[in-house]
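There are 2 protein chains.
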Amino acid sequence: MKLSILGCYSATPRTLNNTTSQVLEINNHMFLIDCGEGTQVQLRKHKIKFNRIKHIFISHLHGDHFFGLVGLISTFRLLTRETDLHIYGPKGIKEIVTLQMKLADSWTNYNLIFHELTSTKSELIFEDEKVEVHTIPLNHRVYTNGFLFKEKEGLRKLDINAVEKAKINVAYYRKLTQGFDVENEEGELIKNETVTFPGAKPKSYAFCSDTMYKEDIIPIIQDADVLYHESTFLEQHAHLAVRTKHSTAKEAARIAKKAQVRTLILGHYSTRYDGIEGFKKEALSVFENVELAEDGKTFDF
Amino acid sequence: MKLSILGCYSATPRTLNNTTSQVLEINNHMFLIDCGEGTQVQLRKHKIKFNRIKHIFISHLHGDHFFGLVGLISTFRLLTRETDLHIYGPKGIKEIVTLQMKLADSWTNYNLIFHELTSTKSELIFEDEKVEVHTIPLNHRVYTNGFLFKEKEGLRKLDINAVEKAKINVAYYRKLTQGFDVENEEGELIKNETVTFPGAKPKSYAFCSDTMYKEDIIPIIQDADVLYHESTFLEQHAHLAVRTKHSTAKEAARIAKKAQVRTLILGHYSTRYDGIEGFKKEALSVFENVELAEDGKTFDF
Chain Y
435 MKLSILGCYS ATPRTLNNTT SQVLEINNHM FLIDCGEGTQ VQLRKHKIKF
485 NRIKHIFISH LHGDHFFGLV GLISTFRLLT RETDLHIYGP KGIKEIVTLQ
535 MKLADSWTNY NLIFHELTST KSELIFEDEK VEVHTIPLNH RVYTNGFLFK
585 EKEGLRKLDI NAVEKAKINV AYYRKLTQGF DVENEEGELI KNETVTFPGA
635 KPKSYAFCSD TMYKEDIIPI IQDADVLYHE STFLEQHAHL AVRTKHSTAK
685 EAARIAKKAQ VRTLILGHYS TRYDGIEGFK KEALSVFENV ELAEDGKTFD
735 F
Chain S
435 MKLSILGCYS ATPRTLNNTT SQVLEINNHM FLIDCGEGTQ VQLRKHKIKF
485 NRIKHIFISH LHGDHFFGLV GLISTFRLLT RETDLHIYGP KGIKEIVTLQ
535 MKLADSWTNY NLIFHELTST KSELIFEDEK VEVHTIPLNH RVYTNGFLFK
585 EKEGLRKLDI NAVEKAKINV AYYRKLTQGF DVENEEGELI KNETVTFPGA
635 KPKSYAFCSD TMYKEDIIPI IQDADVLYHE STFLEQHAHL AVRTKHSTAK
685 EAARIAKKAQ VRTLILGHYS TRYDGIEGFK KEALSVFENV ELAEDGKTFD
735 F
């Protein structure tokens, strides 16, 4: 899994700060998460091939998370894209995009498939053989979802010594890797876990922005390898976090700790501060493994 | 008059090319003309004070001319703007903006006044004591207007020798500068032009983008000091200009020549070419005074 941060600042794009957008590479997918104004230029800067993006996930309809979407869709059209594009986001997103296409008399030549979200419970919204994406209902000023990207359990590995000793026919090896119990050549039932090892641990990434501190999300993101949690404010502005339904760095860390994630990445910083080191410092007082998102930074995990 | 080019490329924003937007300073106004994605960042780069922009003119609803508008409006809100903002553009622009404000539950705390355009004839759409703005109906794939910015005739200058010789009372001097004939102290009617000089010649700027070659605009832009005319293509792609309702550099120059403007500025270049010098070369074969718009360039005239 590789995460590329295209933008991680709140509110408005600036000369050196981009608003929220990131690309998650997982099992050959390139998922675009949020799409602030200027995202298409950030994608070019990072040399991310437009055609590899087939799924875009929009957390909520505040401008700093989606004002770049219609431009990206339009650019895909101008570049004569043919690949389907799936858009997951709050109800209304389809109307916003199609109204602008209608008034510009510029419909896409590729399939644009909207998956509008309305549920306030976690839903499975994407699934293939290897990956699942679930929503994470958040608590912000408008309807907002985070997204949990999860690899599925991979194949188990054979314990060759044990398999041979148990006299299992080679024809059953594939069933064993899939986790089934099988009969050996003497008709005896062999328990799968006695002759296989677990496969590689599936990885998971939870994106949670924008949201106020919300413990309800903990069961959903429990044990995630990486949690990106917004931290718009430092403690000195905790009152603003409450008023605007955002989180402080410490609150993000508290969620990370309670959910026992491996790594916490902070982002969605207010631009009122000189530098972002303060966010890390405050979060580290609660949770030990904290990283700072920065525009242009990539994380491999 | 000062013109700042924020972006002058067609189709899509790129790492080094911005889509259409420019700021015209004229008689203490700062008029923003078109607003492609990323315009707010370009305004910051040029250190143009957001609050000085009170009027935005949008030529048409193709993305490269207005996808930055909703973000700019939203940023003005976040910066707690109080000044009224007037938006002039094709019918539909209000719905696009307000739909997004509604879904984001983020209404402006300043007055946002839409002036939706539908006429296919030139109209006076803004006027104060010193400046007028008229539409220039263009011919593109969707409803499009250029804009003519004109200073009004200024006060005439007194020919002091002639005035004294004509025995005109000082009380009438102001009327003379306003162009009226007046009676002298002997009750004789004095023709204004015999005792005054013309005031400074009022300046004018015509913005014409996007459009195919259209001679109907010539009477509207006749004698303009500066004409910005789109030139998306070079001659080798003249067939594409026809098909997409754009102009070539030569066609832009032909309009400039027939309208007897002083200076032609070319822009809205397709990014298919290596460099933009070819546009100037081709236009110069038709019209002698050609300038090239470039992102970040300013013109004083």
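First to last, the sequence lines map onto chains Y and S.
Take any residue in the first sequence, count from 1 to its spot, add 434: that is its number in our numbering.
Take any residue in the second sequence, count from 1 to its spot, add 434: that is its number in our numbering.
Glycine included, every Cβ here is placed at the ideal spot set by N, Cα and C.
Keep in mind the model is a prediction, meaning the values are calculated, not measured.
- By the Cβ neighbour-count rule, Y/I594 is exposed, with fewer than 16 other Cβ atoms within 10 Å of its own.
- Only E471, G472, Q474, V475, R478, K479 from the stretch 466–490 of chain S bring a Cβ to less than 8 Å from some Cβ of chain Y.
- Around the beta-carbon of Y/T705, fewer than 16 other beta-carbon atoms lie within 10 Å, marking it exposed.
- Distance between Y/H673 and S/D468, taken at the CA atoms: about 39 Å.
- Under the 10 Å beta carbon count, Y/V597 is surrounded by 16 or more other beta carbons and is classified as buried.
- Beyond the five residues adjoining it in sequence on each side, S/V504 comes within less than 6 Å, by CB distance, of V531, Q534 in the same chain, given in chain order.
- Put simply, the CB of S/F501 is near chain Y, with a gap under 7 Å to one of its CB atoms.
- In the same chain as Y/P571, and ignoring 5 residues on each side of it, the C-beta atoms closer than 7 Å to its own belong to T554, K555, S556, N579, in chain order.
- Checking the DSSP bridge columns, you'll see S/G701 partnered with S/E664.
- Y/F735 places its beta carbon less than 7 Å from that of Y/V660.
- In the DSSP assignment, Y/E471 is bridged to no other residue.
- Of the residues S/H496, S/P524, S/E585, S/N603, the one whose Cα lies closest to the Cα of S/N462 is S/E585.
- In the three-state reduction of the DSSP assignment, S/Y443 falls in the strand class, which pools E and B.
- Scanning Y/G472, Y/G633, Y/G526, Y/A605 for the CA closest to the CA of Y/L450 turns up Y/G472.
- The C-beta distance from S/I487 to S/L466 rounds to 5 Å, short enough to meet the 8 Å contact threshold.
- Of the candidates Y/S681, Y/T666, Y/N618, Y/I559, the residue whose Cα lies closest to the Cα of Y/E649 is Y/S681.
- At least one beta carbon of chain S lies nearer than 7 Å to the beta carbon of Y/P447.
- The continuous stretches of beta strand (DSSP E) do not include Y/S508, which lies in the alpha helix (DSSP H) extending over residues 503–512.
- By DSSP's assignment, Y/M535 forms no beta bridge with any residue.
- Within 7 Å of the CB of Y/L495, the CB atoms of chain S belong to L537, A538, in sequence order along the chain.
- Residue state for S/L610 is assigned as helix, using DSSP reduced to three classes.
- For Y/S508, the chain S residues whose C-beta falls within less than 7 Å of its own C-beta are G497, listed in chain order.
- Sixteen is the threshold: since fewer than 16 other Cβ atoms of the shown chains lie within 10 Å of the Cβ of Y/A605, the residue is exposed.
- Residue environment analysis places S/K525 among the exposed positions, since fewer than 16 neighbouring C-beta atoms fall within 10 angstroms of its C-beta.
- Within the stretch 561–592 of chain S, not a single complete alpha helix (DSSP H) segment reaches 4 residues in length.
- Annotation for Y/E550: the continuous beta strand (DSSP E) segment containing it runs 546–551.
- S/D734 sits in a strand when the DSSP states are folded into three classes.
- Interface residue (Cβ-Cβ distance to chain Y less than 7 Å): S/I530 is classified as such.
- Excluding five sequence positions before and after Y/T732, the CB atoms of its chain that fall closer than 8 Å to its own CB belong to K436, L437, S438, I439, given in chain order.
- Just so you know, the alpha carbons of S/D498 and Y/T509 end up roughly 10 Å apart.
- Contact residues of the stretch 569–592 of chain S toward chain Y are R575, V576 (C-beta to C-beta distance below 8 Å).
- In the same chain as S/Y703, and ignoring 5 residues on each side of it, the C-beta atoms closer than 6 Å to its own belong to Y443, I710, in chain order.
- In the DSSP secondary-structure assignment, S/P524 is bridged to S/L551.
- In summary, S/S719 is exposed, with fewer than 16 beta-carbon neighbours lying within 10 Å of its beta-carbon over all protein chains present.
- Its Cα nearest to that of Y/T697, the residue Y/Y662 stands out among Y/K715, Y/Y662, Y/H671.
- Taking the Cα of Y/E561 as reference, the smallest distance to any Cα among Y/A634, Y/R575, Y/F581 is reached at Y/F581.
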